[in-house]
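Residues 5 to 267 in my numbering are what the sequence shown lists, from first letter to last.
Everything on this sheet refers to the single structure shown next.
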Amino acid sequence: MSCGEGVTEVMDAFTPLIWTLAMTVALTGGMVKGAVGFALPLVMISGLSTIMDPRLALAGLILPVVATNAVQVFRTGLAPAGQAVRLHWRYVVTVMVAIFVAAQFVTSIPRQAFLLVLGVPVVILSAIQLIGWRPTVPPRRRNAAEWGLGTLAGALGGLAGTWGPPTVLYLLAIGTPKDRQMVVQGVIYGLGSIPLVLGHLRSGILNAETALFSASMLPASLVGLLIGLALRDRLDADRVRRITLIVLVVAGLNLIRRGLLSG
Numbered sequence: 005m006s007c008g009e010g011v012t013e014v015m016d017a018f019t020p021l022i023w024t025l026a027m028t029v030a031l032t033g034g035m036v037k038g039a040v041g042f043a044l045p046l047v048m049i050s051g052l053s054t055i056m057d058p059r060l061a062l063a064g065l066i067l068p069v070v071a072t073n074a075v076q077v078f079r080t081g082l083a084p085a086g087q088a089v090r091l092h093w094r095y096v097v098t099v100m101v102a103i104f105v106a107a108q109f110v111t112s113i114p115r116q117a118f119l120l121v122l123g124v125p126v127v128i129l130s131a132i133q134l135i136g137w138r139p140t141v142p143p144r145r146r147n148a149a150e151w152g153l154g155t156l157a158g159a160l161g162g163l164a165g166t167w168g169p170p171t172v173l174y175l176l177a178i179g180t181p182k183d184r185q186m187v188v189q190g191v192i193y194g195l196g197s198i199p200l201v202l203g204h205l206r207s208g209i210l211n212a213e214t215a216l217f218s219a220s221m222l223p224a225s226l227v228g229l230l231i232g233l234a235l236r237d238r239l240d241a242d243r244v245r246r247i248t249l250i251v252l253v254v255a256g257l258n259l260i261r262r263g264l265l266s267g
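This is the structure we're talking about:
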């Protein structure tokens, strides 16, 4: 199936089990984002790609990403958001441009290769965070790090809908205080949603048909987000984050397996 062709028929053919699994994935992604501030796209692209065409999975996460990022930005307030943009404008601009550009290549990547494109970064970036590696960037190299990591994050965002893990590494590398990381992440994720939508409208991944599927994922993801936000202070955020990363490594390895064995 090519994304956008026959999507309505594919959705009509979804069994109750597939719909239940898809909604569960969206709900889980929203809960994780509410609890730890990121990972909704990673959870959704990894989970949905195991039960449907990965390009349809990518289309499905776009509107939930936009909506949950908007909630995250407005919760932090516009004044802190503006300050975050001024401090990290190079990274923000690079991410936005790279997302739009990378999105144009999604439809030209063969299905099995696309599974690898999804799986390999998920495994590597999740494993890096699991082992606790904390890169450091000296002040004199900060500009170069912003351009480089911004390009990496944006490329991953355009191809897989997620630019969270490289952003977390970037903020850790430049020594961003923990209490300010959530604000900066919200701004970067929120602004990155704009070229994500525009890029995939142009690529054809997001169209009249796939937008219906993406919209169907919205309620579950938003409910999950509200649950995660409500439980944030009661949960051990580090434990939730670690469990999420372990699950993502397993899901990423499964995507790699399918990419190597398919075709």
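Glycine residues also receive a C-beta, built at the ideal position from the N, C-alpha and C atoms.
Item, Value
"Cβ pair L46, L252 closer than 8 Å", "yes"
"Distance between L173 and A149 (C-alpha atoms, nearest Å)", "11 Å"
"Rounded straight-line distance, which links the Cα of I113 to that of G38", "32 Å"
"Alpha-carbon spacing of R184 relative to A17, whole angstroms", "45 Å"
"Secondary structure of R246, DSSP reduced to three states", "helix"
"Span of the alpha helix (DSSP H), counted from its first residue to its last, around D183", "K182 to S207"
"Among M221, V75 and R94, nearest to G152 - alpha-carbon criterion", "R94"
"Environment of N73 [buried if 16+ CB atoms lie within 10 Å]", "buried"
"DSSP-derived helix/strand/coil call for N211", "coil"
"Closest Cα partner of Y193 within the set Q76, E213 and L21", "Q76"
"Between the CA atoms of T24 and N147 - distance to the nearest angstrom", "45 Å"
"Boundaries (first-last residue) of the alpha helix (DSSP H) holding W93", "W93 to A107"
"Check whether A85 and V201 have beta carbons under 8 Å apart", "no"
"Where the alpha helix (DSSP H) containing R268 begins and where it ends", "Outside the displayed range of the chain (5 to 267) lies residue 268, so it cannot be described from this structure."
"Neighbour-count burial assignment, C7, 16 or more Cβ in a 10 Å radius", "At C7 the pLDDT is 47, less than 50, meaning the model places this residue with poor confidence and gives no usable figure here."
"Test item: CB-CB of A107 and G168 under 8 Å", "no"
"Alpha-carbon to alpha-carbon, G179 and L216", "41 Å"
"Inter-residue spacing [alpha-carbon to alpha-carbon] between V97 and A71", "21 Å"
"Short Cβ contact (8 Å threshold) for R218 with I103", "Rather than Arg, the amino acid found at residue 218 in this sequence is Ser. Cβ atoms of S218 and I103: not closer than 8 Å."
"Proximal residues to R138 (C-beta, below 7 Å), its chain only, five neighbours per side dropped", "L176"
"Alpha carbon of A26 to alpha carbon of A131, nearest angstrom", "25 Å"
"DSSP-derived helix/strand/coil call for G228", "helix"
"3 or more residues per run - each beta strand (DSSP E) lying fully within the region 100-172", "none"
"With 16 other Cβ atoms within 10 Å as the buried cut-off, status of F78", "exposed"
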